[in-house]
Amino acid sequence: MTHDVHIIGGGLAGSEAAWQLARRGIRVRLSEMRGTGERSPAHQTDDLAELVCSNSLRSDDSDNNAVGLLHEEMRRCGSLIMAAAETARVPAGSALAVDRAVFSREIEAALVAQSTLELVRERVDSLPAVGLTVVVTGPLTAEALAGSIGAATGADALAFFDAIAPIVYRESIDMDVAWMASRWDKGAEASLALGGDGRDYINCPMTRDQYLAFREEVLAGEKGEFKEWEANTPYFDGCMPIEVMAERGVDTLRFGPMKPVGLDNPHWATAEHPNGRWPHAVVQLRQDNVLGTLWNMVGFQTKLKYGEQQRIFRTIPGLENAEFARFGGLHRNTFLNSPTLLDRQLRLRSAPHVRFAGQITGCEGYVESAAVGLLAGIMAATELAGQTWEGPPRTTALGALLAHITGDAEAETYQPMNINFGLFPPLPDVKKKQRKQAYTARAKADLAPWSQNVQIFSGG
Ligand SMILES: Cc1cc2nc3c(=O)[nH]c(=O)nc-3n(C[C@H](O)[C@H](O)[C@H](O)COP(=O)(O)OP(=O)(O)OC[C@H]3O[C@@H](n4cnc5c(N)ncnc54)[C@H](O)[C@@H]3O)c2cc1C
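Residue 542 is where the sequence shown starts when you use this note's numbering, and the numbers rise one by one after that.
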C-alpha cells in the first residue's frame, strides 16, 4: 500500500496522529522502530503508545484542572488515546490511571483494524525528502534520525537535554517584597521595542542570613536521581543545577544566578540611599510567555524533588505564596526550538512537508504529547483535503498548548512545558477562587463549534 502520510514513531503522539488520519480514510504508513530488536533506553516493550514511567494520565477533573480539561477536549475530538484510557482505567481517585498493557493493546488493535493504515516495524534514519510526514519520535529519538533533524534545523535548535527552571504564576508573586528592574537598568531600548518599560525582571531580594539559610536548604533538600543512561553527560558544563553550584562554595550561587550587582532594591530605600540598596543575593524571574502570566526563575534548573522545590523556593522573599506552573528538572530529552522552527501548523518552516508533534516539539507529558499528535493528524488531514486550517480557539487547552509551542513561548529560554492555566488568556476580572472554573467553562464553550466541525470533517 502506498501512503498519503508517513508517521515516524508509534508512541503516544504517533498513535494518536495515525488514528486521526486513518479514521478519515487517509492512507498512513506508521513506522515504529521497536519490534525490530531496537528500543530507546526508557522503553521496555514493543507495544505502541507505551507509557514509559507512571501509569497515570493525571487529573481527570475537567472543571478545575488544565490537564483534565485537555482530556475532555481530546475526547470531544474523537481521541483514540482517551478512548483506550477509558477502557484500561483502574481506580485512582480523580486521576485517570490505566492498566498500561491493556491501554497499549487497545490502541494497537484499533490502529491495525484500520484498512488504510500500515504499521511497519522499522527504524527511520533520515527525514524523508518528499511526502507529507509527521515526526513523532519523542524525547529519546534514535540517534541517526536526530542527526538528520539536527542537520535540517541547525545544531543550536535541537536540544538533547532539558534544563528546566521552575515557572511561577505572576499573580502569586508578592510585589510588595519583589520589584521590577533590569540589572544596571540596561537594555531599556530593546525592552521598549518589545513593549516593555525597561524593567524586565522581577527581583526577589535576600539578606545575608536569608541567603545562607537558603543555600543550606538547597544542599540538604532531597534530590531525584539521574537514570543510568543520563549520567556522565557533557550537559553540566553549560547548565549547572543550583544544588551543584551550592556545593561548590558559599558564594558560588551569589556569583551565578543569584548575583545581586546592579540591582537597587527600592523597597530598601533610605534618605542616604534614595534608590535603595543591592541585596546580598537576588533571585530573578523573567517573563516566559507573551501573555505575561508565567515567569521563570532564571538559572534555577534543579534535580530537587518537586515537593522540596515548593518548600524551599517559598522561603525566597516575595515567593512565600508562589504557585508553580512547572517545577524545575533535568532530563535527557530531544526537543526542537519549536517557536522559531515551526509554523502555526507544526510544519518545519524550512521543509513544510515535515510536521513535528509530541514531546519532540517541547510539550511535556503523555497527555500533552498525545494532544499535539491529535492536532498534527487533523492538520495533515485538512491539508490533504485542500481545506483551510482553522486552529482550536486560543482559549481552549488545545489552542493554548499549540499557541505556546508554535510562537507564544519565549524562544530564547524555550524548555518543555506541560499544560497549565498560565498558558490561557487571563481572566483578571474573575475572582482568583473562581478562576479555574471560569477558564474551563470558557474553554468548553469555545471548543464546541470547533470540535463539531472537526467531527463533521471526519465523517464521525
Ligand atoms: C524516562 C521518562 C519518563 C517519563 N515519565 C513520564 C510520566 O510519568 N508521565 C508523563 O506524563 N510523561 C512522562 N514522560 C514524558 C513524555 O510524556 C513521554 O516520553 C511520552 O511518551 C512522549 O510521547 P511521544 O509520543 O512524543 O514519544 P514516545 O512515546 O517516546 O514515542 C516515540 C516513539 O518513536 C519511536 N522512535 C524513536 N526514534 C525512531 C526512529 N528513528 N524510527 C522509528 N521510530 C522511532 C520510539 O520507539 C517510540 O515508540 C517521560 C519521559 C521519559 C523519557
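Positions of the beta carbon are idealized from the N, C-alpha and C atoms, including for glycine.
Would you mind reading off the limits of the alpha helix (DSSP H) that contains residue i?
| i | result |
| --- | --- |
| residue 920 | 907-925 |
| residue 940 | 938-944 |
| residue 691 | 684-694 |
| residue 795 | 793-796 |
| residue 639 | Where residue 639 is concerned, there is no enclosing alpha helix (DSSP H), although the beta strand (DSSP E) it sits in stretches over 636-639. |
| residue 880 | 879-882 |
| residue 608 | 607-617 |
| residue 749 | 749-761 |
| residue 963 | Per DSSP, residue 963 belongs to no alpha helix (DSSP H) and is neither H nor E. |
| residue 799 | Where residue 799 is concerned, there is no enclosing alpha helix (DSSP H), given that its DSSP letter is neither H nor E. |
| residue 532 | Beyond the ends of the chain as shown, which are 542 and 1001, falls residue 532; an answer cannot be given. |
| residue 851 | 847-854 |
Residue range of the beta strand (DSSP E) that residue i falls in?
| i | result |
| --- | --- |
| residue 894 | 892-897 |
| residue 659 | 658-662 |
| residue 824 | 822-828 |
| residue 623 | Per DSSP, residue 623 belongs to no beta strand (DSSP E); it is in the alpha helix (DSSP H), 621-628. |
| residue 599 | 597-600 |
If we ignore side chains and look at the alpha-carbon of each, how far apart do residue i and residue j end up?
| i | j | result |
| --- | --- | --- |
| residue 907 | residue 547 | 22 Å |
| residue 605 | residue 960 | 13 Å |
| residue 986 | residue 979 | 11 Å |
| residue 920 | residue 568 | 15 Å |
| residue 843 | residue 883 | 28 Å |
| residue 776 | residue 831 | In this prediction, residue 776 scores a pLDDT of 49, lower than 50, which makes its location untrustworthy; no coordinate-derived value is stated. |
| residue 937 | residue 838 | 26 Å |
| residue 1001 | residue 793 | Legend: pLDDT at residue 1001 = 44, less than 50; position of this residue unreliable, value from coordinates given subsequently. When rounded, the distance between both Cα atoms is 60 Å. |
| residue 909 | residue 699 | 19 Å |
| residue 543 | residue 685 | 24 Å |
| residue 557 | residue 820 | 51 Å |
| residue 657 | residue 781 | 48 Å |
| residue 708 | residue 661 | 40 Å |
| residue 765 | residue 976 | 33 Å |
| residue 939 | residue 755 | 38 Å |
| residue 740 | residue 855 | 23 Å |
| residue 760 | residue 659 | 52 Å |
| residue 857 | residue 651 | 50 Å |
| residue 640 | residue 800 | 48 Å |
| residue 1014 | residue 571 | The requested residue 1014 is not part of the displayed model; the chain covers only 542 to 1001. |
| residue 991 | residue 833 | 27 Å |
| residue 545 | residue 644 | 27 Å |
| residue 964 | residue 897 | 20 Å |
| residue 926 | residue 671 | 18 Å |
| residue 787 | residue 750 | 15 Å |
| residue 875 | residue 550 | 14 Å |
| residue 824 | residue 877 | 28 Å |
| residue 738 | residue 924 | 42 Å |
| residue 584 | residue 848 | 27 Å |
| residue 635 | residue 994 | 30 Å |
| residue 996 | residue 565 | 10 Å |
| residue 757 | residue 822 | 14 Å |
| residue 688 | residue 827 | 32 Å |
| residue 949 | residue 791 | 38 Å |
Could you tell me which residues DSSP pairs with residue i in its beta bridges?
| i | result |
| --- | --- |
| residue 674 | 547, 895 |
| residue 708 | 837, 867 |
| residue 888 | 896 |
| residue 716 | BP columns for residue 716 are empty, so no partner. |
| residue 700 | 876 |
| residue 742 | 722, 827 |
| residue 572 | 549, 661 |
| residue 973 | Paired residues: none, contrary to the question. |
| residue 806 | 818 |
| residue 904 | 958 |
| residue 950 | 830 |
| residue 631 | 638 |
| residue 764 | 845 |
Am I right that residue i and residue j are in contact with their C-beta atoms under 8 Å? What's the rounded C-beta distance?
| i | j | result |
| --- | --- | --- |
| residue 783 | residue 956 | Not really, about 15 Å apart at Cβ, beyond 8 Å. |
| residue 922 | residue 561 | 7 Å |
| residue 597 | residue 642 | Not quite, the Cβ-Cβ distance comes to about 15 Å (not below 8 Å), so this is no contact. |
| residue 723 | residue 742 | 6 Å |
Going by the C-beta, is residue i closer than 7 Å to any heavy atom of ligand 3?
| i | result |
| --- | --- |
| residue 555 | This structure does not include ligand 3; its bound ligands are ligand 1. |
Discussion item. For the structure I just gave you, are there three or more beta carbon pairs, one from the stretch 688-696 and one from the stretch 856-871, closer than 8 Å?
Written reply: no
Practice prompt. Determine, using beta-carbon pairs with one atom in the stretch 670-683 and one in the stretch 887-903, whether at least three such pairs fall under 8 Å.
Written response: yes
Discussion item. Under 8 Å, with one C-beta from each stretch per pair, do the stretch 925-939 and the stretch 604-619 reach the 3-pair mark?
Written reply: yes
Item to complete: Mind the definition here: the stretch 717-733 touches the stretch 743-751 only if three or more C-beta pairs lie below 8 Å; say whether that holds.
Response: yes
Worksheet item: Is it a yes or a no for the stretch 590-601 touching the stretch 619-639, going by three-plus beta-carbon pairs under 8 Å?
Response: yes
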